[in-house]
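This report refers to the structure that appears directly beneath it.
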Amino acid sequence: MFIAVLQPEDESARQRAELLRKYVMPHRNLIYSICIKYTYNQEDIEDNYLEALVNFFKYMDSYDPARPVKTWIYAVTKRLVADLNNRNRNRMPSDDNIDISEISSSLPDEDEPSGNCMGMDNYREFYNDDILWALEQLKPIYREALLLQQAGYKLGEIMEITYNNGTLQTRNVETVKSRLFLAKTQLRKLLTRDGEKRMD
């Protein structure tokens, strides 16, 4: 998709495109979820995601394959989004109540889950220690709903999964919304916007 548009004309660009295809493109869902997590304004998420892909193409030859690729992608994307947020600082404040389910339809390959996607069994790979600590402070039913949403599931899907898991007694999407709201409210009290433990 993205690489085909580039049509690299020199050897350096071809090599970068090949590295991008090999190391970055299998982790597009991770990049998109980082953009969702750290972008100030909801309407900038898609732009920041595309900007991140372009940025990876430009600097792809700086990647050291000896380094874990997900760690590198996380650091580069988070830093880029922070820079883009600073550039747009004069715009409206962030929407803290962003509903990830509303934009999950834009998530690349959402109908083809892969090992590169975050899920309940591998979410620890995607978060720093402070965020993991904060998640552990949540009630299990709140944490479950939040992690499913972060993994890209829609509200109705979260309802079905939690109902089938036995953590939701009746199929009620309002209960799911309530759990998500409470989870996010508690996380805001525990973490800064940068995902670090609050010291106050």
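Residue numbers (this note's numbering): 1 to 200. By construction, the Cβ of each residue, glycine as well, lies at the ideal position given by its N, Cα and C atoms. Source: prediction; values computed, not measured.
Burial state of residue i, where buried means 16 or more other Cβ atoms lie within 10 Å
i: S12; result: exposed
i: P113; result: Reliability fails at P113, whose pLDDT of 37 lies under 50, so the model's placement of it is uncertain and no value is given.
i: V54; result: exposed
i: D44; result: buried
i: L20; result: buried
i: E102; result: With a pLDDT of 43 at E102, under the threshold of 50, the modelled position of that residue is not reliable, and the figure given next carries that caveat. The residue in question, E102, is exposed, as its Cβ has fewer than 16 Cβ neighbours within 10 Å.
i: A145; result: buried
i: N122; result: exposed
i: L50; result: exposed
i: Y38; result: buried
i: N48; result: buried
i: S33; result: buried
i: M199; result: exposed
i: G115; result: Any reading at G115 must be qualified, since the residue scores a pLDDT of 39, below 50, and its modelled position is unreliable; the value itself is stated next. Counting Cβ neighbours within 10 Å, G115 comes out exposed, since fewer than 16 surround it.
i: Q15; result: exposed
i: N164; result: exposed
i: Q169; result: exposed
Per DSSP, the bridge partner or partners of residue i
i: L191; result: K197
Span of the alpha helix (DSSP H) around residue i
i: P140; result: 140–150
i: S62; result: From DSSP, S62 is part of no alpha helix (DSSP H); its letter is neither H nor E.
i: D130; result: 129–137
DSSP state of residue i mapped onto helix, strand, coil
i: N156; result: Per the sequence presented here, residue 156 reads as Gly, with Asn not at that position. In the structure shown, G156 sits in a helix (DSSP, three-state: H, G or I).
i: L180; result: helix
i: N122; result: coil
i: P26; result: helix
i: N165; result: helix
i: R21; result: helix
i: Y32; result: helix
i: R87; result: helix
i: T170; result: coil
i: T77; result: helix
i: N41; result: coil
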